[in-house]
Every structure is written in C-alpha cells, then in structure tokens.
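Per numbering that gives the first Met the number 0, the very first residue in the sequence shown carries number 0; after that it's consecutive.
Quick notes on the structure that follows.
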Amino acid sequence: MNKIAVVTGAASGIGRAVIERLSKEDFMGVILDINDEGGRQVAGEIQRRGKQAAFMCVDVTQEGAVRAAFDRIISDHGRLDVLVNVAGGSLHRHKIEEFPFEHWRAVIDLNLTSTFLCCRAVAGLMKSQKSGAIVNISSDIGFSGDASRSAYAAAKAGIVGFTKTLALELAPFNVRANAVAPGRIATPRVRATYSDAEWEAAAKRIPLGHAGEPEDVAEAVAFLVGDAAKHMTGQTLHVNGGRVVT
Ligand SMILES: NC(=O)c1ccc[n+]([C@@H]2O[C@H](COP(=O)([O-])OP(=O)(O)OC[C@H]3O[C@@H](n4cnc5c(N)ncnc54)[C@H](O)[C@@H]3O)[C@@H](O)[C@H]2O)c1
Numbered sequence: 000m001n002k003i004a005v006v007t008g009a010a011s012g013i014g015r016a017v018i019e020r021l022s023k024e025d026f027m028g029v030i031l032d033i034n035d036e037g038g039r040q041v042a043g044e045i046q047r048r049g050k051q052a053a054f055m056c057v058d059v060t061q062e063g064a065v066r067a068a069f070d071r072i073i074s075d076h077g078r079l080d081v082l083v084n085v086a087g088g089s090l091h092r093h094k095i096e097e098f099p100f101e102h103w104r105a106v107i108d109l110n111l112t113s114t115f116l117c118c119r120a121v122a123g124l125m126k127s128q129k130s131g132a133i134v135n136i137s138s139d140i141g142f143s144g145d146a147s148r149s150a151y152a153a154a155k156a157g158i159v160g161f162t163k164t165l166a167l168e169l170a171p172f173n174v175r176a177n178a179v180a181p182g183r184i185a186t187p188r189v190r191a192t193y194s195d196a197e198w199e200a201a202a203k204r205i206p207l208g209h210a211g212e213p214e215d216v217a218e219a220v221a222f223l224v225g226d227a228a229k230h231m232t233g234q235t236l237h238v239n240g241g242r243v244v245t
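The following block contains the structure:
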C-alpha cells in the first residue's frame with residue numbers, strides 16, 4: 000500500500016512541486032487547497048503519469064473544514080504518513096502603524112493558524128501509528144524580518160517555534176516535525192509581483208546570484224520526510240541561496 004502524503008497549498012507553486020516530488024517516491028498525494036480548478040488540474044496531471052493523487056477543496060484557515068477534511072482522509076485511507084503545510088503567503092504589506100487588524104489576522108491565519116490546525120488534526124493518528132513526518136514551510140523573512148511585512152515575519156517565525164514544540168511533543172512517538180525556510184523562489188505568484196528590473200536587482204542581493212526554483216524547496220522537503228533524515232526533528236532547513244545565513 001502506498002504511503003499517504005497530505006500537502007496543503009499544492010495547487011500551485013512550491014506546494015505543487017512538493018506533491019509532484021513526493022509522487023515520484025510513490026506517495027499517494029492528497030492536495031488540500033482553496034483553488035478548485037488548480038487543485039483538480041495538478042491531481043489530474045499526477046494521475047496521468049500513473050501515480051495516485053486526490054484533491055480536496057479546503058480553506059485551511061477554517062477549523063471545521065480542516066477537521067472534516069482530515070476525518071475523511073483518515074477514514075478513507077486508515078493512515079497518514081506525511082503532512083506538508085505549504086499554504087501561505089505574505090498577502091498584505093503595511094507600515095506597522097497603518098497595519099489593519101483584519102490584514103494582520105488574515106496573514107497570521109493563513110500561515111500560522113492553518114499550520115496549527117493541520118498539525119493538530121494529524122498528531123493523534125501519527126502518535127498511535129508510532130510513525131509520521133511533518134514539514135512546515137517558514138520563510139527567510141521569519142529570520143531576517145522585512146520592513147512592511149510584520150505579520151508575515153511574525154507568522155513565519157511563529158511556525159519555527161511551533162515546529163520545535165511539535166517535534167518535542169511527538170518525538171517519544173517516533174513522529175518527526177521539521178521546517179523549511181525558503182528564500183526568494185520563482186513561483187508564478189511571486190514572480191508576477193515584480194517587474195523584470197526589480198527581479199534582477201533582487202537576484203543580485205542573493206549570494207548565489209539568483210532566486211530558487213520550487214523544486215529546490217521540494218528536494219529539501221523530500222529529504223526531511225525520508226529515511227535519510229530519520230534522526231532529524233525540530234530543525235529548519237534554509238533554501239535561500241545564502242540570503243540569510245544562520
Ligand atoms: N515563493 C517564495 O518566494 C516564498 C519564499 C518563502 C516562503 N514561501 C512560502 O511558501 C509557501 C508557498 O508559496 P508559493 O510562492 O508557492 O505561493 P502560491 O501562491 O503559488 O501557492 C500557495 C497556495 O496556497 C493556496 N491557498 C491560499 N490560501 C489558502 C487557504 N486559505 N486554504 C487552502 N489553500 C490556500 C493557494 O491557492 C495556492 O495554491 C507559502 O507559505 C509562502 O509563504 C514562499
């Protein structure tokens with residue numbers, strides 16, 4: 000029987016690269032995403048390559064929707080081996096004194112609360128299985144900060160603290176939790192928000208001289224969920240071309 004990997008935000012960008020990478024390892028991938036059309040498309044493409052994939056249209060910021068989705072996954076498959084929390088984004092940029100509360104809440108909910116809700120939904124099952132691996136996607140901004148992105152920096156730094164605690168709670172049950180902190184990654188969404196000139200200027204500030212690809216992040220995730228990382232938990236892997244050195 001294939002192992003089951005749930006990846007949030009896998010209808011595009013980094014999440015899509017992650018689920019495609021894990022499907023090459025013969026995981027059955029379950030996409031949780033709010034983008035109905037994109038999610039169906041990614042699942043369909045994986046299936047056409049002869050691999051197993053499913054899509055569920057879920058808003059991962061909503062407690063009831065997350066609970067219902069994982070209840071269904073667990074009842075359909077009886078197990079869950081990997082959870083990768085990718086859904087997120089910086090959404091809003093404001094100076095701190097002008098940051099609307101609803102924008103703050105939206106960024107925290109999308110990045111941090113969604114990660115908490117999905118991890119909480121799988122923790123009991125993984126503990127009882129005595130196996131499982133979780134990877135949460137942070138950001139280099141969670142380490143460096145970024146003027147005008149206070150909520151995003153707080154949420155992504157929060158993911159690291161949350162992941163460390165999760166790792167300590169789950170370690171006695173042979174369940175591992177780690178984080179990956181990407182730097183600038185050329186996903187369609189991110190690339191579209193910059194002009195060519197801005198993109199080139201930003202690339203020069205990255206020591207390796209260019210932005211990363213979604214597949215670079217997917218490789219780090221595949222490593223962390225695999226047996227090669229069986230003695231790693233509570234850690235953060237940085238995939239940022241050297242932009243932030245910790
Ligand atoms: N691209 C980068 O440069 C970069 C850098 C550092 C960290 N990250 C992080 O990586 C993750 C993915 O980034 P990306 O560039 O691939 O973004 P993306 O916008 O391409 O993908 C995000 C996915 O999440 C889904 N999503 C959004 N809100 C959702 C919700 N409420 N419920 C379920 N799904 C939802 C979207 O539909 C989309 O498919 C994010 O957490 C982001 O913060 C990205």
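Don't be surprised by glycine CBs; every beta carbon is placed ideally from N, CA and C.
> So who's on the other strand from Asp-75, going by DSSP bridges?
Replying inline: For the purposes of this step, residue 75 is taken as residue 76 along the sequence shown, with counting starting at 1. When beta bridges are read from the DSSP output, Asp-75 appears opposite no residue.
> Just to check, is the beta-carbon of Thr-7 closer than 7 Å to a non-hydrogen atom of ligand 1?
Replying inline: Position 8 of the sequence shown, counted from the start, is the residue given in the question as residue 7. Yes, ligand 1 has a heavy atom inside 7 Å of this Cβ.
> Can you tell me the Cα-Cα spacing of Cys-118 and Met-125, whole angstroms?
Replying inline: Within the sequence shown, numbered from 1, the residue matching residue 118 stands at position 119. Within the sequence shown, numbered from 1, the residue matching residue 125 stands at position 126. Rounded to the nearest angstrom, the two C-alpha atoms are 10 Å apart.
> By Cβ distance below 6 Å, which residues in the same chain neighbour Val-81 in space, the five residues on each side in sequence not counted?
Replying inline: Your numbering for residue 81 matches position 82 in the sequence shown. Counting only residues of its own chain and dropping the five nearest sequence neighbours on each side, Val-81 has a CB closer than 6 Å to the CB of Ala-4, Ala-132 and Val-224.
> Going by DSSP, what residues sit across from Asn-239 in a beta bridge?
Replying inline: For the purposes of this step, residue 239 is identified with residue 240 of the sequence shown, where counting begins at 1. Note: Asn-239 sits in no beta bridge, so no partner.
> Going by other Cβ atoms of all chains shown within 10 Å of its Cβ, with 16 needed for buried, is Lys-23 buried or exposed?
Replying inline: Position 24 of the sequence shown holds residue 23. Per the 10 Å Cβ criterion, exposed.
>> Which complete alpha helix (DSSP H) runs does the region 35–102 hold, if anything under 4 residues is left out?
In response: Those alpha helix (DSSP H) runs which fall completely within the region 35–102 and span 4+ residues are 35–47 and 62–76.
> If you count every other CB in all the chains shown that lies within 10 Å of the CB of Pro-181, and 16 or more means buried, which is it?
Replying inline: Against the sequence shown, residue 181 aligns to sequence position 182. The residue is buried, with at least 16 neighbouring Cβ atoms inside 10 Å.
> The beta strand (DSSP E) with Val-216 in it runs from where to where?
Replying inline: In the sequence shown, the residue the question calls residue 216 occupies position 217. Boundaries around Val-216 are those of the alpha helix (DSSP H), 213–224, since no beta strand (DSSP E) includes it.
> Can you tell me the Cα-Cα spacing of Thr-245 and Trp-103, whole angstroms?
Replying inline: Taking the sequence shown and counting its residues from 1, the one referred to as residue 245 is at position 246. Taking the sequence shown and counting its residues from 1, the one referred to as residue 103 is at position 104. Each residue's CA atom was taken as its position, placing Thr-245 and Trp-103 some 27 Å apart.
>> Please give me, in chain order, every unbroken run of the alpha helix (DSSP H) with length at least 4 that falls completely inside the region 151–215.
In response: Annotation note: the region 151–215 contains the following uninterrupted alpha helix (DSSP H) runs of length 4 or greater, listed N- to C-terminal: 187–191 and 195–203.
> With 16 as the cutoff for other CB atoms within 10 Å, does Pro-213 come out buried or exposed?
Replying inline: Numbered from its first residue, the sequence shown carries residue 213 at position 214. Around the beta carbon of Pro-213, 16 or more other beta carbons lie within 10 angstroms, which makes this residue buried.
> Measuring CA to CA, which of Val-189, Val-17 and Gly-12 is closest to Met-27?
Replying inline: Taking the sequence shown and counting its residues from 1, one reaches residue 27 at position 28. The candidate whose alpha carbon is nearest that of Met-27 is Val-17.
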